[in-house]
Amino acid sequence: MAKEATTSEMGMSKGQTGHLYIQTNEIENAIIHYTRQPDGKLIEVARIKTGGAGSGEFKPISGQDSAPNSFEGAGSVIITSDRRFLFATNGGDNSVSSFRLGSDGGLTLLDVKSTGNAVEGRSGTAKSLAFAPSTRTLFVLHSFGPDHLRLMSVDVEGMLKPRPERYTVNTSSKRNRVSTMVVVSPNEELVLVGTTFDEPIALTGLYPDGSPILWVQRAGGAFHSIASNAPDPDGLAAFALQKDGSLGTATFYDAKAGSPFYIAFLHQRPNMFVIGYAVGDGCSICTIEKNGSLKIGPLVKIDTSAGVPTELCWLAIAPDDRTIYATNFGYGNISSYRINGSGLEVVCDPACPKVPGDGTARGLNRNRDERSQR
Numbered sequence: 019m020a021k022e023a024t025t026s027e028m029g030m031s032k033g034q035t036g037h038l039y040i041q042t043n044e045i046e047n048a049i050i051h052y053t054r055q056p057d058g059k060l061i062e063v064a065r066i067k068t069g070g071a072g073s074g075e076f077k078p079i080s081g082q083d084s085a086p087n088s089f090e091g092a093g094s095v096i097i098t099s100d101r102r103f104l105f106a107t108n109g110g111d112n113s114v115s116s117f118r119l120g121s122d123g124g125l126t127l128l129d130v131k132s133t134g135n136a137v138e139g140r141s142g143t144a145k146s147l148a149f150a151p152s153t154r155t156l157f158v159l160h161s162f163g164p165d166h167l168r169l170m171s172v173d174v175e176g177m178l179k180p181r182p183e184r185y186t187v188n189t190s191s192k193r194n195r196v197s198t199m200v201v202v203s204p205n206e207e208l209v210l211v212g213t214t215f216d217e218p219i220a221l222t223g224l225y226p227d228g229s230p231i232l233w234v235q236r237a238g239g240a241f242h243s244i245a246s247n248a249p250d251p252d253g254l255a256a257f258a259l260q261k262d263g264s265l266g267t268a269t270f271y272d273a274k275a276g277s278p279f280y281i282a283f284l285h286q287r288p289n290m291f292v293i294g295y296a297v298g299d300g301c302s303i304c305t306i307e308k309n310g311s312l313k314i315g316p317l318v319k320i321d322t323s324a325g326v327p328t329e330l331c332w333l334a335i336a337p338d339d340r341t342i343y344a345t346n347f348g349y350g351n352i353s354s355y356r357i358n359g360s361g362l363e364v365v366c367d368p369a370c371p372k373v374p375g376d377g378t379a380r381g382l383n384r385n386r387d388e389r390s391q392r
């Protein structure tokens with residue numbers, strides 16, 4: 019089962035450098051609290067039930083049992099900027115849990131509320147969170163739509179109240195898109211949503227060996243990848259954030275590469291963010307212009323000689339905004355980038371020992387002849 023993590027530097031004491039929180043995504047979901055030592059070692063402190071359900075070993079995006087990365091999202095556990103509250107999604111039953119964050123890093127469960135999206139089938143898909151402090155609005159993203167994005171109000175005590183608004187990243191020609199991550203811009207003027215697929219794997223089906231079908235035909239034509247923004251240039255959604263916490267109509271941008279999975283803002287330049295591409299095999303650096311539009315920089319790819327896609331999914335930006343660390347789920351390794359002014363360059367690829375294998379397990383790198391024979 020995949021787990022999502024967030025960190026906190028509060029509550030530091032002698033011999034400790036902070037706290038790490040991850041969710042288990044078990045059917046009886048829980049948050050695991052670790053202390054992080056100066057040498058990087060993690061020590062488990064407690065497991066706190068969320069009061070909600072994870073998807074367990076079931077992967078709702080593909081409909082597979084016991085599949086790798088069953089959660090397939092980002093930002094499912096977040097901490098408010100004032101370090102008072104922690105929120106977590108419960109993907110199995112489409113709910114959100116709210117915790118009080120103590121001075122010692124301990125968690126106290128405060129509230130659990132449904133997102134408002136009904137669970138259809140074996141699991142829900144609530145998986146990513148973002149919080150706008152000025153309006154105390156919590157944004158909850160679901161993998162499946164049409165109501166991808168739901169809202170909750172958070173009071174000063176951390177209690178949750180679901181709101182009626184609902185928003186989609188579907189378009190007139192794409193009615194079943196799969197989203198990945200929601201992020202609020204530091205100036206709280208935009209809400210950005212990344213996408214993975216234009217058609218869910220759960221509908222395209224599985225090959226006899228259990229691997230997902232990631233290539234489909236339209237009207238009997240050529241095979242094409244179901245990855246978003248490949249080739250249609252509309253994989254990144256931007257919503258204007260209103261003063262009451264509601265959102266304007268979505269604007270869709272060419273993310274410049276397939277499956278813009280992860281979005282991370284720089285710490286010291288709040289108008290700039292980085293996108294990690296699960297199918298594009300790299301990163302780009304982007305800017306919010308003065309008029310509120312987005313300028314997406316060119317894709318800077320890593321070495322894909324081991325086969326594509328790399329499934330470059332999750333990012334971490336160093337506090338000084340100089341280095342980006344990108345995880346490559348398809349390769350099982352990490353690559354590092356340097357932020358060079360307003361651009362990016364690869365520093366070390368991979369930035370860790372290579373993992374043995376020839377790369378043939380990745381679904382999107384199958385050739386057409388092989389697919390047609392299945």
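Using our numbering, the first residue of the sequence shown is number 19, and each one after it goes up by one. We put the beta carbon where it would ideally sit given N, CA and C, even for glycine.
Query, Result
"Check for me: the alpha helix (DSSP H) holding residue 221 runs from which residue to which?", "219-222"
"Would DSSP call residue 151 helix, strand or coil?", "coil"
"Taking only runs of the alpha helix (DSSP H) that begin and end inside the segment 248-276, which ones reach a length of at least 4 residues, in chain order?", "none"
"Can you look up residue 89 in the DSSP assignment and give me helix, strand or coil?", "coil"
"Please classify residue 126 as buried or exposed, where buried requires at least 16 neighbouring CB atoms within 10 angstroms.", "exposed"
"Would you kindly work out how many angstroms separate the C-alpha atoms of residue 358 and residue 308, rounded to a whole number?", "22 Å"
"With a 10 Å radius around its C-beta and 16 neighbouring C-beta atoms as the bar for buried, classify residue 238 as buried or exposed.", "exposed"
"Does the structure place the segment 174-194 close enough to the segment 212-223 that three or more beta carbon pairs sit under 8 Å?", "yes"
"Any heavy atom of the ligand ADP closer than 8 Å to the beta-carbon of residue 202?", "No copy of the ligand ADP appears in this structure; indeed no ligand is present at all."
"Taking buried to mean at least 16 other C-beta atoms within 10 Å of its own C-beta, is residue 257 buried or exposed?", "buried"
"The beta strand (DSSP E) with residue 355 in it runs from where to where?", "351-358"
"Helix or strand or just coil, what does DSSP make of residue 209?", "strand"
"Kindly indicate the opening and closing residues of the beta strand (DSSP E) around residue 82.", "From DSSP, residue 82 is part of no beta strand (DSSP E); its letter is neither H nor E."
"What do you reckon, are the CB atoms on residue 147 and residue 93 nearer than 9 Å?", "yes"
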